[in-house]
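Inspection log for the structure reproduced underneath, given as structure tokens.
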Amino acid sequence: MKKAILNAWPSVVVGDRNQWQSKLTLELTGLPEEIRFRALPDNAGTNTGLKPAHAAGFAAGLSALCKDAHRYRFTLQGVDLVMAEDDIVVADGLIKLVRVHPGRHTGPGNMSESLPQIHLDIFTEYPLPEQGDKLAVDIQQTPGLPATVTFSFSRKPLRDLLGGVRIGIDPGHGGKDKGIQGPVDLTEKYVALEISRELCNLLELSGAHLVVTRTGDLDVTEKERLHILRAGNPALCVEIHVSGSDNPLAQVYKLAATQDCSDSQLLGREIALALHERMGIRPESAVLPPRPGLEVPYVRVEPLCLTYFADEANFRAPLFRKRLAQSIYNGISRYLHKTKVRQS
């Protein structure tokens, strides 16, 4: 049977001893003869080779997504491609995108050179960890039908970036204050809390210290929220709400930031970009009035239009909630990275 790649899918796994990894698993009809690796130039992220058709579809800005990305290439010798050549948007905070495409035969030569080959180009947000002079990646090959090859990448760069950072999370409404209600029965207070929980889980895995205004269905006044946030002394704050409209077919998403704070504006732009990449939505910009005594960058994000029936239905799926939270997380981590680079 000819060896070929059938399928590829990404995942994030928390393993033993709190090992946190991004994984890419391939299904094949047989294991490759050899797997080669090389890092591509840093500027490769600005010339991705992505097909123009991709730029007009979901997550339209794939070229923008990969701008300034770090790029690594794994070449599988002796296998062909049965699945379609593909650009897989991962956007898990570490890996931006995986491109699966055939390599070129080098013509007559030794046996290794004449084998078919497939390239896996991995675009990452940050440089991948190294052990000595080698990339710290674990590759597990399992024979069978299908055979599998799993690439595991440490998410240590995210822990290095967010570890010890104090982050304020303020899920809106709660208790008697239901906020906006969807066409069926979903309420804003519930949506905000669920997004907050998913986001807090990601931030905790990264080693961040959280300052959260509510962790349950509680009545919390604005005064109490401010007290919690000020006492927690966060480096930034994200307020979570939803949007709504009198038009049941309208899809309205918003992201508000304080006007006179450049860091708030930067945080808002990064979260908005991440939401567009992962969820395909473009939040409208809005101005957020300052909160007295809270002199830190903060934004208010409304990533769901609860009055739109499809959004209410989609939010009931756990994977949809995780993707929303992941988008906000990606924006926060990119903001922290940019401010860190600026200060260095």
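According to my numbering, the sequence shown is numbered sequentially starting from 5.
Just so you know, even glycine gets a beta-carbon here, dropped at the ideal spot from N, CA and C.
Report the residue from D315, F78 and T225 whose alpha carbon sits nearest the alpha carbon of F155.
F78
Taking buried to mean at least 16 other C-beta atoms within 10 Å of its own C-beta, is M5 buried or exposed?
exposed
So what does DSSP say about A8, is it helix, strand or coil?
Three-state DSSP puts A8 in a strand.
How many whole angstroms separate the CB atoms of G220 and L162, which I take to be in contact at a CB cut-off of 8 angstroms?
Contact flag wrong, Cβ pair sits at about 27 angstroms.
Three-state secondary structure (DSSP) of T128
strand
Taking T311 as the reference, give the member of L69, S348 and G183 with the closest Cα.
G183
Leaving out five residues before and five after A8 in sequence, what residues of the same chain have Cβ atoms less than 7 angstroms from its Cβ?
Taking A8 as the centre and dropping the five residues before and after it, the same chain places the C-beta of L32, T33, V83, D84, L85 and V86 closer than 7 angstroms to its C-beta, in chain order.
Mapping the DSSP letters down to three states, classify G61 as helix, strand or coil.
Confidence at G61 is low in this model, with a pLDDT of 43, below 50, so its placement is unreliable and the value that follows should be read with caution. Of the three classes helix, strand and coil, the one that applies to G61 here is coil, per DSSP.
What is the DSSP secondary structure of A43, reduced to helix, strand or coil?
strand
Q81 to Q145, Cα distance in whole Å?
14 angstroms
Can you list, in chain order, the residues of its chain with a C-beta nearer than 8 angstroms to that of C309? Leave out the 5 residues immediately preceding and following it.
V246, S247, G248, S249, A254, Q255, V256, Y257 and D315
Residues in the same chain with beta-carbon distance under 8 angstroms from K27, minus the five sequence neighbours each way, listed in chain order, please.
P14, S15, V16, V17, T154, F155, S156 and F157
Would DSSP call Y257 helix, strand or coil?
coil
For V195, which of C265, V215, A329 and E228 has the nearest alpha-carbon?
A329
From the DSSP output, read off the bridge partner residues of G172.
V215 and C241
Using DSSP bridges, identify the partner residues of H177.
Looking at the DSSP assignment, H177 forms no beta bridge with any residue, so it has no partner.
Taking 8 angstroms as the cut-off, decide whether the C-beta atoms of A12 and V94 are in contact.
no
By the DSSP assignment, the beta strand (DSSP E) with I232 in it spans what residues?
No beta strand (DSSP E) contains I232, which is instead part of the alpha helix (DSSP H) from E226 to G236.
Beta-carbon contacts of V224 that lie in its chain and below 7 angstroms, excluding the five residues immediately before and after
G178, T217 and R218
What does DSSP give as the partner residue(s) for I143 in the beta ladder?
F155
I need the straight-line Cα distance from H213 to L206, nearest angstrom please.
11 angstroms
Measure the alpha-carbon distance for L44 versus D91 and round it to whole angstroms.
The straight-line gap separating the alpha-carbon atoms of L44 and D91 is approximately 17 angstroms.
So, is Q121 buried or exposed, given that buried needs 16 or more other C-beta atoms within 10 angstroms?
Here Q121 is buried: its Cβ has 16 or more other Cβ atoms, across all protein chains shown, within 10 Å.
Is it buried or exposed for G176, if we count other Cβ within 10 angstroms and need 16 for buried?
buried
Taking the beta carbon of A57 as the centre, do at least 16 other beta carbons fall within 10 Å, making it buried, or is it exposed?
With a pLDDT of 38 at A57, under the threshold of 50, the predicted position of this residue should be treated as unreliable, though the coordinate-derived value follows. With fewer than 16 Cβ atoms within 10 Å of its Cβ, A57 is classed as exposed.
Residues of its chain near L279, where Cβ-Cβ distance is below 7 angstroms and the 5 sequence neighbours each way are ignored:
Excluding sequence neighbours, L279 sits near I285, P287, P307 and S331.
With 16 as the cutoff for other CB atoms within 10 Å, does R338 come out buried or exposed?
buried
How many Å lie between N166 and R159 at the Cα?
A small correction: the amino acid at residue 166 is Leu; Asn does not occupy that position in the sequence shown. Approximately 11 angstroms, taken between the alpha carbons.
Report whether the distance from the Cβ of L28 to the nearest heavy atom of the ligand GDP is below 7 angstroms.
The ligand GDP is absent from the structure shown, which contains no ligands of any kind.
Would you kindly check if the distance between the Cβ of E281 and the Cβ of L69 is under 8 angstroms?
yes
Continuous alpha helix (DSSP H) assignments of at least 4 residues falling wholly in the region 288 to 326
313 to 319
Own chain residues within Cβ distance below 6 angstroms of N51, not counting five before or after
At N51, the pLDDT of 47 sits below 50, so the modelled position is not reliable; the number obtained from the coordinates is stated separately. Excluding positions up to five away in sequence, the list is empty.
Quick check: the region 318 to 328 against the region 266 to 273, are there 3 or more CB pairs under 8 angstroms?
no
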